[in-house]
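These protein sequences, in sequence, are chains A and B.
Take the first sequence: its letters are residues 228 to 339, numbered as in this note's numbering.
Take the second sequence: its letters are residues 91 to 205, numbered as in this note's numbering.
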Amino acid sequence: TQLLEQSPQFLSIQEGENLTVYCNSSSVFSSLQWYRQEPGEGPVLLVTVVTGGEVKKLKRLTFQFGDARKDSSLHITAAQPGDTGLYLCAGPLGGATNKLIFGTGTLLAVQP
Amino acid sequence: GAVVSQHPSRVICKSGTSVKIECRSLDFQATTMFWYRQFPKKSLMLMATSNEGSKATYEQGVEKDKFLINHASLTLSTLTVTSAHPEDSSFYICSAGRTGGQPQHFGDGTRLSIL
């Protein structure tokens, strides 16, 4: 069974601090996606990483895919209150389906 | 703009009522759509895969007679929570992908509250 464990589960920080969220699995994924979800809304795709070792940047967010494609990280520099939300990694289950398995989630609160 | 529309956004109803939630792909055809359930501050849990023109595929532990899925057209899937009870209260989210499946686009979810 493929599982995606995220850490930390909860994170409360002050505006301007840096943080890293981890997404780990014992299984290899062809790609991993990161989403951010705000209360009462659906998840919004931030990035997809495909190649082992790949690093992608989205403004203050840096995403990395592990060399073995079993893990990924999201680093936020100088967090802002607008970064508050539930961060989810997700990966395709593979095979003939397009199913996604979601990570356990990281709830981030950035205090002004 | 939104490419997947979900309706209604919020439902409050009495125990025993059946509730239908719609998921529409707005500018593409989706042979497959997915339904998720989410508890407060928790991750998304896949309930079932909705297949156009055929039966839905349910994940282990999901009661197919409780959560009826119909995917009658390439742009619409519906989830009906039958004889809903308070424990069915949750946030339900659908997703759909263009040809090739990825990335998935998510609806804005439906908050179901059963009194």
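All C-beta atoms, glycine included, are put in the ideal place defined by N, C-alpha and C.
- Measure the alpha-carbon distance for residue 193(B) versus residue 187(B) and round it to whole angstroms. In this model, residue 193(B) and residue 187(B) are separated by some 6 Å (Cα to Cα).
- Query: Can you name the residues of chain A whose CB is closer than 9 Å to the CB of residue 198(B)?
  - Reply: Listed by position along chain A, the residues whose Cβ is nearer than 9 Å to that of residue 198(B) are 267, 268 and 269.
- Task: Could you check the C-alpha separation between residue 163(B) and residue 184(B) for me, to the nearest Å?
- Result: Looking at the two C-alpha atoms, the distance is approximately 15 Å.
- Query: Three or more C-beta pairs closer than 8 Å, one from the region 276–287 of chain A and one from the region 120–132 of chain B: is that the case here?
  - Reply: Contact between the region 276–287 of chain A and the region 120–132 of chain B is absent: fewer than 3 CB-CB pairs across the two stretches fall below 8 Å.
- Exposed or buried, residue 197(B), counting other C-beta atoms within 10 Å across all chains shown (16 or more means buried)? Flag for residue 197(B) reads buried.
- Query: Just how far apart, CA to CA, sit residue 115(B) and residue 282(A)?
  - Reply: Approximately 31 Å, taken between the alpha carbons.
- Item | Among 105(B), 144(B), 143(B) and 161(B), nearest to residue 177(B) - alpha-carbon criterion | Nearest to residue 177(B) by alpha-carbon distance, out of 105(B), 144(B), 143(B) and 161(B), is 105(B).
- Message: I'd like to confirm the pairing. Which residues does DSSP put opposite residue 137(B) in its beta bridges?
- Response: Partner(s): none; residue 137(B) has no beta bridge.
- Closest Cα partner of residue 314(A) within the set 245(A), 230(A) and 249(A): Taking only the C-alpha atoms, the option nearest residue 314(A) is 249(A).
- Message: For residue 131(B) and residue 288(A), I'd like the C-alpha separation in whole angstroms.
- Response: Residue 131(B) and residue 288(A): Cα-Cα distance of roughly 22 Å.
- Item | contact_flag[the region 148–161 of chain B, the region 91–103 of chain B] where n(CB pairs < 8 Å) is 3 or more | Counting Cβ pairs under 8 Å, fewer than three are found: no touch.
- Message: Along the region 242–259 of chain A, where does the CB come closer than 9 Å to a CB of chain B? Name the residues.
- Response: Within the region 242–259 of chain A, the residues whose Cβ lies closer than 9 Å to some Cβ of chain B are 258, listed in chain order.
- Query: By how many angstroms is the C-alpha of residue 232(A) removed from the C-alpha of residue 180(B)?
  - Reply: Answer to the nearest angstrom: the Cα atoms are 22 Å apart.
- Message: Less than 8 Å between C-beta atoms, sequence neighbours within five positions excluded: which residues of the same chain meet that for residue 156(B)?
- Response: 171, 172, 173 and 178, listed in sequence order.
- Message: Distance check for residue 199(B) and residue 182(B), CA to CA, integer angstroms please.
- Response: Distance from the CA of residue 182(B) to the CA of residue 199(B), rounded to the nearest whole angstrom, comes to 5 Å.
- Message: What does the alpha-carbon distance come out to for the pair residue 158(B) and residue 268(A)?
- Response: Answer to the nearest angstrom: the Cα atoms are 23 Å apart.
- Task: Give the C-beta separation of residue 338(A) and residue 241(A) to the nearest angstrom, bearing in mind that I take them to be a contact with Cβ-Cβ under 8 Å.
- Result: In this structure residue 338(A) touches residue 241(A) by the C-beta definition: roughly 5 Å separates them, less than 8 Å.
- Give the DSSP bridge partners of residue 201(B), in chain order. Under DSSP, residue 201(B) takes part in a beta bridge, and its partners are 100(B) and 181(B).
- Task: Determine the burial state of residue 317(A): buried for a count of at least 16 other Cβ atoms within 10 Å of its Cβ, exposed for fewer.
- Result: The residue is buried, with at least 16 neighbouring Cβ atoms inside 10 Å.
- Item | Sequence-distant residues of the same chain with beta carbon closer than 6 Å to residue 291(A), five excluded per side | Sequence-distant partners of residue 291(A) (beyond 5 residues in either direction) whose C-beta falls short of 6 Å from its own C-beta, in its chain, are 282 and 300.
- Item | Contact list for the region 276–288 of chain A against chain B, Cβ threshold 8 Å | Listed by position, the residues of the region 276–288 of chain A near chain B (Cβ gap below 8 Å) amount to none.
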